[in-house]
Each structure stands twice: as structure tokens, then as C-alpha cells.
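Written out below as C-alpha cells is the structure these notes cover.
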Amino acid sequence: MCDAGPLIHLDEVGCVELLADFPQVLVPLAVWDEVVKHRPSALTHDTVRYQKLTHGNALSTELDVLSRLLALHRGEQQALQIAQAHPGCLVLTDDTAARLAARNLGLKAHGTLGVLVRAIRRKQKTKDEVVTLLRSVPSLSTLHVRPALLEEVIREVEQSQ
Amino acid sequence: MKTAIQAELPAELLAEARAFVEQGSVGDFDELLAEALRRYLESHSTPLAESFIREDLAWGLRGRE
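Read top to bottom, the protein sequences are chains A and B.
For the first sequence, this note's numbering begins at 16 and goes up steadily by one.
For the second sequence, this note's numbering begins at 118 and goes up steadily by one.
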């Protein structure tokens with residue numbers, strides 16, 4: 016299940032194809048529309064198995080409350096709603112509030128940097144390639160990461176086995 | 118202490134917010150703006166965001182699927 020952030024940020028650094036490693040990339044309608052508006056090229060990769068989904072019925076009570084408390088956007092609400100209906104589904108989002116909600120709902124969630132680093136483990140990219148990508152995040156993408164934290168991430172990637 | 122600010126907002130968002138105030142869902146526009154900012158800042162706190170990035174790093178390097 017993918018929120019708009021990772022689709023947009025991965026495309027900005029030229030890496031949406033990393034999502035081809037997932038059996039399916041479920042994209043709620045509201046997220047799809049948001050990405051079409053801001054970064055349509057993120058949805059045009061032939062190797063990625065996108066599946067545009069319309070949201071189901073009413074939000075669960077728990078999700079409804081969390082959505083209000085955390086001021087979740089419609090796309091984030093739909094992403095979490097659909098993820099709840101797909102046991103074992105991984106939620107990809109860069110929004111802190113959405114990740115907090117996912118955690119409270121018992122859903123596994125990760126973001127763009129996780130997908131980039133995962134590419135080493137999944138042998139999609141070499142460690143050097145991923146370090147180069149991580150270094151490009153501030154200049155090529157709209158993903159905001161504190162520079163010192165990004166350096167910490169890069170250092171750990173470089174030192175990893 | 119309160120401080121007056123000037124902000125540019127998307128027209129649709131502003132209209133929606135004004136309608137929300139007119140419905141009586143919140144005291145006034147200032148209160149709505151303050152509450153929205155407070156909730157956003159609370160749910161997007163830097164320590165929380167950074168803890169998620171560290172989780173991403175661990176998952177990326179050593180996660181099991």
C-alpha cells in the first residue's frame with residue numbers, strides 16, 4: 016500500500032522501479048489523483064505492478080478517531096483503510112502522522128529511505144549506488160531529512176556488511 | 118500572548134475552513150488555525166519522525182520479509 020510521498024520521492028531520485036520488487040503496489044484513488052497532479056511520471060513505470068483502488072466503506076472506528084486526532088489527509092486515510100483490509104500489507108508512507116496511525120493500527124509501515132536502503136539487501140542496487148542516491152535526496156527530492164541524520168544513515172549504510 | 122500573522126492560503130482550503138467555523142464546529146478562525154497548527158506540530162514532531170527514519174534504516178539493512 017503506497018501513499019503519495021514514497022511514489023513522488025522515489026521518482027524524484029529516479030528510483031520508482033525499486034517498487035517492482037513488491038508483488039503489487041496498491042494505490043488508493045485519492046493518492047493516485049494526488050500523484051497524477053504533482054508527479055504523474057511516478058505512475059508510468061512498466062515494471063511496477065500498480066493497482067489503483069477505490070476505498071471501501073466507512074472507516075473503522077479506530078481509524079476514524081486516529082484520522083481526526085492526527086489530521087490525516089484523505090489519501091492517508093484511504094491507504095490505511097485499504098491496508099487494514101489486506102493482512103500482512105506493508106504501508107509505504109513518509110508522513111509521520113500516518114506512520115504513527117499505522118503503528119497504532121498494528122500495520123507495518125516504512126518510508127522512502129527504507130525502500131532505498133532495502134535495495135541493497137534485495138540486490139536491486141549496490142551499496143555505492145544507494146549511498147549516491149541517499150546523497151542526492153536533498154537536492155533532487157522534496158523529502159526533508161535533517162542533514163546530520165541523513166549523514167548518520169549514509170554512514171551506517173557505508174559501514175554495513 | 119498572541120501575535121497577529123499574515124498568511125497566504127489556497128482559496129478552497131480557506132473557504133472550507135470558514136465554512137467549518139460558520140457551522141459552529143470551532144469558536145473562530147483563529148482558534149481553528151491554532152488548533153490545526155498545534156495538531157500538525159504534535160503529530161509531526163522531529164524526534165518521532167527521526168525515530169521512524171532509524172526504523173527504516175534498520176528494516177532496509179536487516180529486515181525480514
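Heads up, the beta-carbon is just placed ideally off N, CA and C, and yes, glycines get one too.
Reduced DSSP secondary structure (H/G/I, E/B, other) of residue i
i, result
"histidine 159/A", "coil"
"histidine 60/A", "coil"
"lysine 140/A", "coil"
"alanine 121/B", "coil"
"serine 177/A", "Any question about residue 177/A goes unanswered here, given that chain A covers just 16 to 176."
"proline 127/B", "coil"
"alanine 116/A", "helix"
"aspartate 48/A", "helix"
"alanine 73/A", "coil"
Below-7 angstroms beta-carbon distance, residue i vs any chain A residue
i, result
"leucine 131/B", "no"
"glutamate 152/B", "no"
"glycine 141/B", "no"
"phenylalanine 146/B", "no"
"alanine 124/B", "no"
"phenylalanine 137/B", "no"
"arginine 156/B", "yes"
"glutamate 128/B", "Before going further, note that residue 128/B is alanine rather than glutamate in the sequence given. No, no contact with chain A."
"serine 160/B", "yes"
Bridge partners - residue i, DSSP secondary structure assignment
i, result
"lysine 123/A", "Leu105/A"
"tyrosine 65/A", "Val40/A"
Extent of the continuous beta strand (DSSP E) run through residue i
i, result
"proline 43/A", "40-43"
Neighbour flag for residue i against chain B, beta carbons, 7 angstroms
i, result
"serine 175/A", "yes"
"glycine 112/A", "Strictly speaking, residue 112/A in this sequence is alanine, with glycine absent from that position. For alanine 112/A, the answer is yes, since a Cβ of chain B falls inside 7 angstroms of its Cβ."
"valine 46/A", "no"
"histidine 53/A", "no"
"valine 168/A", "yes"
"serine 150/A", "As written in the sequence, residue 150/A is arginine, which differs from the serine given in the question. Chain B, which has no Cβ nearer than 7 angstroms to the Cβ of arginine 150/A, makes this no."
"leucine 155/A", "no"
"valine 28/A", "no"
"histidine 125/A", "yes"
"arginine 64/A", "no"
"arginine 133/A", "yes"
Endpoints, alpha helix (DSSP H) assigned at residue i
i, result
"serine 142/B", "Per DSSP, serine 142/B belongs to no alpha helix (DSSP H) and is neither H nor E."
"proline 21/A", "19-27"
"proline 164/B", "163-179"
"arginine 89/A", "89-99"
"arginine 83/A", "76-84"
Top-ranked residue by Cα proximity to residue i, from the options
i, options, result
"valine 46/A", "Leu164/A, Val168/A, Ala124/A, Gly90/A", "Gly90/A"
"leucine 22/A", "Leu158/A, Lys138/A, Arg83/A", "Leu158/A"
"threonine 120/B", "Val143/B, Ala151/B, Gly144/B, Pro127/B", "Ala151/B"
"glutamate 172/B", "Thr108/A, Val42/A, His53/A, Thr59/A", "Thr108/A"
"proline 55/A", "Gly20/A, Arg170/A, Gln39/A, Val130/A", "Gly20/A"
"alanine 86/A", "Gly177/B, Arg155/B, Ser142/B, Arg181/B", "Arg155/B"
"serine 181/A", "Leu128/A, Leu84/A, Leu78/A", "Here chain A comprises residues numbered 16 to 176, so residue 181/A is not present and cannot be evaluated."
"valine 80/A", "Gly103/A, Pro102/A, Ala113/A", "Ala113/A"
"leucine 13/A", "Lys140/A, Asn119/A, Leu149/A", "No answer is possible for residue 13/A: the residues shown for chain A start at 16 and end at 176."
"glutamate 171/A", "Ala175/B, Gly180/B, Ala166/B, Glu182/B", "Ala175/B"
"cysteine 2/A", "Val130/A, Ser154/A, Ala163/A, Glu166/A", "This structure cannot settle anything about residue 2/A, because the visible part of chain A is limited to 16 through 176."
"aspartate 61/A", "Val51/A, Arg83/A, Leu34/A", "Leu34/A"
"glutamine 44/A", "Gly103/A, Ala94/A, Arg64/A", "Per the sequence presented here, residue 44/A reads as leucine, with glutamine not at that position. Considering only alpha carbons, the answer is Ala94/A."
"valine 28/A", "Ala57/A, Pro38/A, Met16/A, Asp18/A", "Ala57/A"
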